[in-house]
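Below you'll find the structure, written out as structure tokens, and then a few comments.
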Amino acid sequence: MTSTTNTTTEPTHFSHEDFATLLDDSLAGKKSFEGSVVKGLIVGIHNDIAIIDVGLKSEGRVPMKEFTGHGRTVELRVGDTVDVYVERMEDKNGEALLSVEKARREAVWGELDKSYQEGILVNGVIFGKVKGGFAVDLDGAVAFLPGSQVDIRPIRDITPLMNIVQPFKLLKMDKARSNIVVSRRSVLEETRAEARTELVSNLSEGQVLAGIVKNITDYGAFIDLGGVDGLLHVTDISWRRINHPSDILKVGESIQVQVIRFNRENQRISLGMKQLEEDPWKGVEERYQIGSRLRGVVTNVTDYGAFIELEPAVEGLIYVTEMSWTKKNVHPGKILSTSQEVEVQVLDVDMNKRRISLGLKQCQDNPWQNFKDNHPIGNILEGEVKNITEFGLFVGVSDDLDGMVHLTDLSWSKSGEEALAEYKKGQVIKVKVLDIDAEKERISLGVKQLEQDSFSTGLANIKKGDVVTGTICAILDKGIEVELDGGLIGAIRKADLSRDRDWQRPDRFAVGEKVDAKVASIDRLSRKVILSIKSREIDEEKQVMSEFGSSDSGASLGDILGAAMNKAKAKAKEEPKAGTAKTAAPKEKASAPKKAVASDEKADKAPAAKKASAKKSAEKKED
Numbered sequence: 001m002t003s004t005t006n007t008t009t010e011p012t013h014f015s016h017e018d019f020a021t022l023l024d025d026s027l028a029g030k031k032s033f034e035g036s037v038v039k040g041l042i043v044g045i046h047n048d049i050a051i052i053d054v055g056l057k058s059e060g061r062v063p064m065k066e067f068t069g070h071g072r073t074v075e076l077r078v079g080d081t082v083d084v085y086v087e088r089m090e091d092k093n094g095e096a097l098l099s100v101e102k103a104r105r106e107a108v109w110g111e112l113d114k115s116y117q118e119g120i121l122v123n124g125v126i127f128g129k130v131k132g133g134f135a136v137d138l139d140g141a142v143a144f145l146p147g148s149q150v151d152i153r154p155i156r157d158i159t160p161l162m163n164i165v166q167p168f169k170l171l172k173m174d175k176a177r178s179n180i181v182v183s184r185r186s187v188l189e190e191t192r193a194e195a196r197t198e199l200v201s202n203l204s205e206g207q208v209l210a211g212i213v214k215n216i217t218d219y220g221a222f223i224d225l226g227g228v229d230g231l232l233h234v235t236d237i238s239w240r241r242i243n244h245p246s247d248i249l250k251v252g253e254s255i256q257v258q259v260i261r262f263n264r265e266n267q268r269i270s271l272g273m274k275q276l277e278e279d280p281w282k283g284v285e286e287r288y289q290i291g292s293r294l295r296g297v298v299t300n301v302t303d304y305g306a307f308i309e310l311e312p313a314v315e316g317l318i319y320v321t322e323m324s325w326t327k328k329n330v331h332p333g334k335i336l337s338t339s340q341e342v343e344v345q346v347l348d349v350d351m352n353k354r355r356i357s358l359g360l361k362q363c364q365d366n367p368w369q370n371f372k373d374n375h376p377i378g379n380i381l382e383g384e385v386k387n388i389t390e391f392g393l394f395v396g397v398s399d400d401l402d403g404m405v406h407l408t409d410l411s412w413s414k415s416g417e418e419a420l421a422e423y424k425k426g427q428v429i430k431v432k433v434l435d436i437d438a439e440k441e442r443i444s445l446g447v448k449q450l451e452q453d454s455f456s457t458g459l460a461n462i463k464k465g466d467v468v469t470g471t472i473c474a475i476l477d478k479g480i481e482v483e484l485d486g487g488l489i490g491a492i493r494k495a496d497l498s499r500d501r502d503w504q505r506p507d508r509f510a511v512g513e514k515v516d517a518k519v520a521s522i523d524r525l526s527r528k529v530i531l532s533i534k535s536r537e538i539d540e541e542k543q544v545m546s547e548f549g550s551s552d553s554g555a556s557l558g559d560i561l562g563a564a565m566n567k568a569k570a571k572a573k574e575e576p577k578a579g580t581a582k583t584a585a586p587k588e589k590a591s592a593p594k595k596a597v598a599s600d601e602k603a604d605k606a607p608a609a610k611k612a613s614a615k616k617s618a619e620k621k622e623d
């Protein structure tokens, strides 16, 4: 069966008698023209309408489009003879109702039926989409192609298969219903089965084959190798990075591919195109030394960086952190754009992963290092408060750089939270440079360092272990607070108010009273001097014991304390009663009576104990 119908190029002229004889022969045995296929003579062609004479009282008019079809072209001339189907001898206009398309369909049905019975393939053209499948023109007869019978595997785009002549297998024919079902898949399976057996038997890895691009997906393309399909993955199409396989390949295109992997069990074939070209990454380590600078073109910008083409098929990545010294939270698209030529520095080359790390900011001056060179530690600057956070202030020290003032560096006397509440965004303040770390890109600033620390000044004459005198300024449940010289505040815990537990009561003190205490430690965090009356009393007792002897020498504790008290009284009488007297004296008077009482009690008990001990010794000797 042919796909095109060619009429005679030379016009044939019939006499009226010859055409009548020809017509009578075609209608031999028939009583009526209607419903039959007869020979007709083209007597005229006007405005895409062919006027055909079939021997009736009037001619019929047939549109020129009925003479052509999908995948078929014809050239008609006046005087050509054609087969026409007589639908009605006379219509309402008095003209014969003729159809070339139906005449061709009647002729085709006989040929198709014969092919169906013998299992012969027929040629057809897919020309349209219908519900559940596609419409196929079988040289005039319209057949139905189910969607499942288009190809061996589902395909997304059938456009490349339309309007081309290709073989089909007849699955079903019903002339009464004008129903024809065809299959393209059956044809492929039969032809591919034979080709597959031959191809697979001789297939090996590394083999170079010719193939046709059958289908394109997001992850690659399926290549028809002549009976069997192989997958060409997107990463194996080119050494260059491509966004989509369609950028390089087209459906129906013939290409050369190499077999990369072949699994005989499941007959899966992995193909490659780039393997047929020389690897551009060969010798990259020698061409791109770490630290070298070169120029490249931006090929793609992503959320995490930008790809730079250094040479065809060789790209490097500028990670977002290597784009700018100061713009940290900016999308790479706001710094670079595609097709832009830039200067970059090679940071690292990984041949195993085929990665080249590039830096953009390294080709520019480091503003952090420049700031360090131009602003030594201790320098005083003015800057605008750019941001206020829970841990401090960010102050602009230049057009691109911000420094941070930590909570602890805001005030000497106030807490960080209290001092932070005094600042507002946009406020211009003075700051002092405390530290600059160019590598970590940090600038530490301070506000309190602009003025002298009264706490540090007050500690100049005080050290741990000194006995100081202070005035009680606050009485608390947990102890007392004492104001010292220089505005320092000393804290005495409840347990350190006295050596004796009974006297460890804050309520026995009064605000304004002076006390002597020993410096136990210095708490720089709370900016307080930790004092202890207990430690001072213990030290005084140890001093007395060392000056006047010990109980082991024969003297009782009461004797030692009594002698110390007498010496202190005599010294007090000798000293003039001036305002220069130490404030420790009242405290000694306050504590001395108790000690004296305790000493007297011990002194009274000591002779009695000695007498009892002597009596026992005498009794033992008598026995």
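Going by this note's numbering, the first residue of the sequence shown is number 1, and it counts up by one from there. C-beta atoms are modelled at their ideal positions from N, C-alpha and C, and glycine is treated no differently. All values reported here derive from a predicted model rather than from experimental measurement.
Residue burial classification, residue i (beta-carbon count within 10 angstroms, cutoff 16)
{"i": "I164", "result": "exposed"}
{"i": "R508", "result": "exposed"}
{"i": "K131", "result": "exposed"}
{"i": "S148", "result": "exposed"}
{"i": "L360", "result": "buried"}
{"i": "Q345", "result": "buried"}
{"i": "L450", "result": "exposed"}
{"i": "S201", "result": "exposed"}
{"i": "M173", "result": "buried"}
{"i": "L138", "result": "buried"}
Close Cβ partners of residue i (< 7 Å) along its chain, the five nearest in sequence each way excluded
{"i": "Y304", "result": "Y319, V320"}
{"i": "I216", "result": "P245, S246, L249, V251"}
{"i": "I155", "result": "N215"}
N- and C-terminal bounds of the beta strand (DSSP E) containing residue i
{"i": "F509", "result": "It is not in any beta strand (DSSP E) - F509 carries neither H nor E in the DSSP assignment."}
{"i": "E481", "result": "479 to 483"}
{"i": "E417", "result": "No beta strand (DSSP E) contains E417, which is instead part of the alpha helix (DSSP H) from 416 to 420."}
{"i": "C473", "result": "467 to 476"}
{"i": "V529", "result": "528 to 532"}
{"i": "V78", "result": "Neither: V78 is in no beta strand (DSSP E) and is coded neither H nor E."}
Boundaries of the alpha helix (DSSP H) in which residue i is found, first to last residue
{"i": "G119", "result": "Note, G119: premise wrong, no alpha helix (DSSP H); not H, not E."}
{"i": "D229", "result": "From DSSP, D229 is part of no alpha helix (DSSP H) but of the beta strand (DSSP E) over 229 to 233."}
{"i": "L188", "result": "185 to 202"}
{"i": "P367", "result": "367 to 374"}
{"i": "I34", "result": "Just to set this straight, residue 34 is Glu in the shown sequence, not Ile. First-last for E34: undefined, no H or E at that position."}
Distance, residue j Cα to residue i Cα
{"i": "E341", "j": "I308", "result": "9 Å"}
{"i": "A598", "j": "T469", "result": "With a pLDDT of 41 at A598, under the threshold of 50, the modelled position of that residue is not reliable, and the figure given next carries that caveat. Cα-Cα distance, rounded: 27 Å."}
{"i": "V428", "j": "F455", "result": "27 Å"}
{"i": "G383", "j": "D402", "result": "9 Å"}
{"i": "V349", "j": "K282", "result": "12 Å"}
{"i": "V213", "j": "L271", "result": "12 Å"}
{"i": "T326", "j": "K425", "result": "20 Å"}
{"i": "R261", "j": "Q207", "result": "10 Å"}
{"i": "V122", "j": "A210", "result": "28 Å"}
{"i": "V431", "j": "R524", "result": "22 Å"}
{"i": "V187", "j": "M64", "result": "33 Å"}
{"i": "R104", "j": "G140", "result": "6 Å"}
{"i": "I45", "j": "I152", "result": "46 Å"}
{"i": "D516", "j": "D477", "result": "20 Å"}
Three-way DSSP call (helix, strand, coil) for residue i in this model
{"i": "G140", "result": "coil"}
{"i": "N566", "result": "helix"}
{"i": "N300", "result": "strand"}
{"i": "T338", "result": "coil"}
{"i": "V284", "result": "helix"}
{"i": "M173", "result": "strand"}
{"i": "G63", "result": "Checking the sequence shown, residue 63 turns out to be Pro, not Gly. Of the three classes helix, strand and coil, the one that applies to P63 here is strand, per DSSP."}
{"i": "I223", "result": "strand"}
{"i": "K635", "result": "Because the chain here runs from 1 to 623, residue 635 falls outside it and cannot be looked at."}
{"i": "S591", "result": "Its pLDDT being 41, under 50, S591 is placed unreliably in this model, and the coordinates cannot settle the point."}
{"i": "A520", "result": "strand"}
{"i": "V320", "result": "helix"}
{"i": "F168", "result": "strand"}
{"i": "S411", "result": "coil"}
Cutoff 8 Å; reference residue i; Cβ partners in own chain excluding five residues on either side
{"i": "A135", "result": "I126, F127, G128, K129, V142, A143, F144, L145"}
{"i": "K463", "result": "V519"}
{"i": "S292", "result": "Q345, V346"}
Sequence-distant residues of its chain with Cβ nearer than 6 Å to residue i (five each side left out)
{"i": "I472", "result": "I480, V482, F509, V511, E513"}
{"i": "P630", "result": "Because the chain in this structure spans residues 1 to 623, residue 630 falls outside the shown range and cannot be described."}
{"i": "N300", "result": "F307"}
Cβ of residue i within 8 Å of any chain B Cβ
{"i": "E483", "result": "Although the question refers to chain B, the structure presented lacks it and comprises just one protein chain."}
Near the ligand FAD: residue i beta-carbon under 7 Å from a heavy atom
{"i": "T471", "result": "With respect to the ligand FAD, the structure shown offers nothing to examine, as it has no ligands at all."}
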